[in-house]
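Worksheet for the structure shown next.
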Ligand SMILES: [Zn+2]
Ligand SMILES: [Zn+2]
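Structural data, given as structure tokens:
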């Protein structure tokens, strides 16, 4: 969302809006790669305050994700939320025509975002936070037992027969001989 500087009064500006992650190009990879699906819009709460010629932003966002467990492959839903803050600074004159890579790296390094002095674009900050909310390896529950590597049974629903008793390899050979 583009926020004009004039809209931020001395007492600050509180904004609540929905950010549609499904239509956002920067977040398209999340669904395409199968990491997660967005089940709701992202609810964004922002508190913007002008401090000198910079704008300090404190935010909260939440969204419901559809995930696949990395251990047992079960699909599940999870509500995720985060608090964040960032600072927008006016883009210096000499940086108006830099190579894009340099600018992004520098801004990221010091945790600052640039704006043109007139209005700031909050989408980039929101996008970064949404990306950070997608778990690298989702688990349906912290103690998920996963699948048996041998028979593929879901061990959350009970032990499978092949884990019932560890077989002594010497006895295994014997039992094979017996059944011949
Ligand atoms: Zn699981
Ligand atoms: Zn098994």
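Numbering (my numbering), first residue to last: 8 to 187. Glycine included, each C-beta is placed from N, C-alpha and C at the ideal position. Quick caveat, the model's predicted, so the values are computed rather than measured.
Relative to residue 158, the option among 169, 46, 82 and 45 whose CA is nearest is 169. The Cβ atoms of residue 70 and residue 94 lie no closer than 8 Å to each other. Closer than 7 Å to some heavy atom of ligand 2: that does not describe the Cβ of residue 161.
Residue 37 carries a helical assignment under DSSP once its states are collapsed to helix, strand and coil. The shortest C-alpha to C-alpha distance from residue 16 to any of 29, 40, 56 and 43 is the one to 56. In the structure shown, residue 14 falls within a helical segment according to DSSP collapsed to helix, strand and coil. If you draw a straight line from the Cα of residue 21 to the Cα of residue 156, it is about 52 Å long.
Of the candidates 126, 38 and 165, 126 places its Cα closest to the Cα of residue 10.
It is roughly 11 Å from the alpha-carbon of residue 166 to the alpha-carbon of residue 153. Between residue 84 and residue 34, the alpha-carbon positions lie close to 18 Å from each other.
Residue 37 and residue 44 have their alpha carbons spaced roughly 7 Å apart. Collapsing the DSSP output to three states places residue 144 in coil. A residue is called buried once 16 or more other Cβ atoms fall within 10 Å of its Cβ, and residue 139, having fewer, is exposed. Contact check for residue 129 against residue 53 passes: the beta carbons are separated by less than 8 Å.
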